[in-house]
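If you're matching positions, the sequence shown starts at 0 in numbering that gives the first Met the number 0 and goes up one per residue.
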Amino acid sequence: MVFRQRGLPPLRVAFEEGVSLLELAKRAGVTGVLGRCGGYASCGTCHVYWADGPAEIWGEGRSGVEDDVLESAASVKSDKSRLACQVMLTPGLGTVIVDIAPRQ
Ligand code: FES
């Protein structure tokens, strides 16, 4: 798993199956992912862009609630936007690269 954050070198983190992308980012000390609601898909402060990895995680992996929260996120929503709290790391994901949204 690689986290890319503007102005910082990419941060490579060991994949941890069964945790959310938000949990992994917090454990790794990624500062740009805030997660203010604690992972309940209501604050939009864990917005990331799926830069590389399995396509099924992109837009079609979002729920309607997640889509609504991303509409009001501080950074522009794209077809590769996800809430890190709603992405569970499962076996077989392989190498994944996410860009942290510039504003949370
Ligand atoms: S932690 Fe609040 S929406 Fe993800």
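No residue lacks a Cβ here, since even glycine has one placed at the ideal position from N, Cα and C.
- Distance check between Gln4 and each of Gly63, Glu65 and Leu33 places Leu33 closest, using alpha-carbon atoms only.
- If you draw a straight line from the Cα of Phe2 to the Cα of Ile56, it comes to about 16 Å.
- Taking Gly43 as the centre and dropping the five residues before and after it, the same chain places the C-beta of Val68, Leu69, Ser71, Ala72, Ala73, Leu82 and Gln103 closer than 8 Å to its C-beta, in chain order.
- Beta-bridge partners of Asp67 (DSSP): none assigned.
- Between the segment 14-27 and the segment 76-90, the count of Cβ pairs shorter than 8 Å is three or higher; the stretches touch.
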